[in-house]
Structures are given as structure tokens and as C-alpha cells.
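What follows is a short report on a single structure.
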Amino acid sequence: MPQIWHRPCYPHLKHDLCEEPGGQRGDKCSKYYSQYSEKRLTGGLMRAWCTHSICYGFHCIPRGEGQNNVFLAIVMRWPKAPRVVVYNFACALAPYCITQEPEFFADTLFVVDGFHAKGHTKCLPAAFLTSYASTDPRLTQINSSAAECGNIALKQIRKSVSYMSQDHAILYTRVFLAVWNRLRIRKMKNIEV
52 MPQIWHRPCY PHLKHDLCEE PGGQRGDKCS KYYSQYSEKR LTGGLMRAWC
102 THSICYGFHC IPRGEGQNNV FLAIVMRWPK APRVVVYNFA CALAPYCITQ
152 EPEFFADTLF VVDGFHAKGH TKCLPAAFLT SYASTDPRLT QINSSAAECG
202 NIALKQIRKS VSYMSQDHAI LYTRVFLAVW NRLRIRKMKN IEV
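Residue 63 in the working numbering sits at position 12 of the sequence shown, and the numbers go up by one each step.
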């Protein structure tokens, strides 16, 4: 997806462009926090997938993935916010996005899929897709594991990409995802591969 907006700046928000502080997180969700944020693991790729495991696009992130990466991917590339965002850490993403762009995200539901819900011990049920699916049957039709299917496919190129320069790795990944998307679309249309 092409970039249609530039990164907004929020001078009146205290923590705009600040990294999340280390240490104890208090009452906040702490799933994987010490594994990723405090150890400063590299970020890799942030990908956006539709419910059919089609990759909308990706971008490289220098350090561990955070809310700002997902927020920017949506705000800078979608003319209108998606109706539903399924994300591993939607519990933290929702307040972050709504604080930054309340009008843009006014009609967006942020939820954690069932696969990633385990371990979100400090999160309220409002963070989980299953809570909403019981009241809105349309949400049961969402393939919330679509991103995991695509991520598993990307493991096929992980080793090759690790030996490449960043420019070559990005190009290689882009071609891989283009072929992946094409095959998924052909399969959906019942076209022989």
C-alpha cells in the first residue's frame, strides 16, 4: 500500500515519539514485555494481513515492534481506519491509537485473537475477540489466525534473508510476498496453479 499521509506530530502529548520506559509495567499487560522490549531485540518486519492471508504490505522496524509501528502503518497508509484490527497486543494498541487520532479510529474495534489471548492475564475481556464474537456473530467469521499463516510462510525465507544486505532482503521479501499473494488470490478464485 502506498504512503498517503506523513507521520503526524502530537506536540501536546507527553510521550509522543518516546520509547516505552523499562522496568516494571505495573497494572499494564506484560505479556512478552521482558522478552522483547527490555532485551531490545531487533524488530524485523511489521506486516499487515487481511483475513484471507493476503499481505497488504510491510515495513522494516529497527527495534522490537511497538504500538507506534502499527499505528503509523495504519495512519499513513489507510485513507479510513479498518473496522476491526486484530493484533497480538491490541490491549495496548487501542488506547495508543485512540489517544493519537480519536476521530480516525472512532469506529475501529481493536482485539487480541484467541491464539495470542493466553498470557494476557492483566487484560480485561474487552481486549479479546471472543468477547465480542459472542454478541456480534459477524466477528466469528473473521479468520483471526490469517497473519499467523502468512508468518509461517515467511519462515521459508528467514535463513536466506539473514545473509543479505538490508536492501536485498527487502527486495527478496517483497518478491516472495508478491508471489505468495498471487498464489493465495488464484487459490481463492479456484484457478489452477
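Even glycine gets a Cβ: it sits at the ideal position worked out from N, Cα and C. All values reported here derive from a predicted model rather than from experimental measurement.
Could you check which residue in the options has the C-alpha nearest to that of residue i?
i: phenylalanine 155; options: Val126, Lys169, Ser182, Cys200; result: Val126
i: cysteine 106; options: Trp231, Met239, Lys238, Arg237; result: Trp231
i: phenylalanine 161; options: Met52, Val136, Thr102, Asp218; result: Val136
i: isoleucine 203; options: Pro153, Arg98, His219, Thr186; result: Arg98
i: proline 130; options: Met239, Met52, Val226; result: Met52
i: serine 216; options: Lys169, Cys111, Met239, Arg189; result: Cys111
May I have the straight-line CA-CA distance separating residue i from residue j, to the nearest angstrom?
i: glycine 108; j: serine 195; result: 18 Å
i: arginine 233; j: asparagine 241; result: 12 Å
i: alanine 145; j: leucine 222; result: 32 Å
i: alanine 157; j: tyrosine 214; result: 43 Å
i: alanine 229; j: threonine 191; result: 28 Å
i: cysteine 60; j: threonine 181; result: 34 Å
i: threonine 150; j: proline 62; result: 13 Å
i: cysteine 148; j: proline 113; result: 21 Å
i: alanine 184; j: glutamine 54; result: 32 Å
i: arginine 237; j: threonine 186; result: 34 Å
i: cysteine 101; j: proline 188; result: 19 Å
i: cysteine 176; j: leucine 64; result: Residue 176 is actually proline in this sequence, not cysteine. The alpha-carbon atoms of proline 176 and leucine 64 are separated by roughly 28 Å.
i: lysine 210; j: methionine 239; result: 29 Å
i: glutamate 152; j: isoleucine 193; result: 25 Å
Kindly list the residues whose CB is nearer than 7 Å to the CB of residue i, restricted to its own chain and excluding five residues on each side of it in sequence; keep chain order.
i: serine 104; result: Ala197, Cys200, Gly201, Arg235
i: leucine 123; result: Arg58
Excluding the 5 residues preceding and the 5 following residue i in the sequence, name in chain order all residues of the same chain whose CB lies nearer than 8 Å to its CB.
i: proline 133; result: Ile125, Thr159
i: threonine 224; result: Leu96, Phe109, Leu205, Ile208, Val212
i: histidine 57; result: Met127
i: lysine 169; result: none
Classify residue i: buried if its beta carbon has 16 or more other beta carbons within 10 angstroms, exposed otherwise.
i: alanine 141; result: buried
i: valine 121; result: buried
i: alanine 178; result: buried
i: histidine 219; result: exposed
What does a CB cutoff of less than 6 Å around residue i pick up in its chain, not counting 5 residues either side in sequence?
i: phenylalanine 227; result: Ile208
i: glycine 74; result: Legend: pLDDT at glycine 74 = 41, less than 50; position of this residue unreliable, value from coordinates given subsequently. Nothing meets the Cβ criterion.
Problem - Contained beta strand (DSSP E) runs [length at least 3] in the stretch 138 to 226, N- to C-terminal order - result: 160 to 162
Handout entry: Segments of 3+ residues assigned as beta strand (DSSP E) that fall wholly inside the stretch 97 to 137
Key = 106 to 112, 135 to 137
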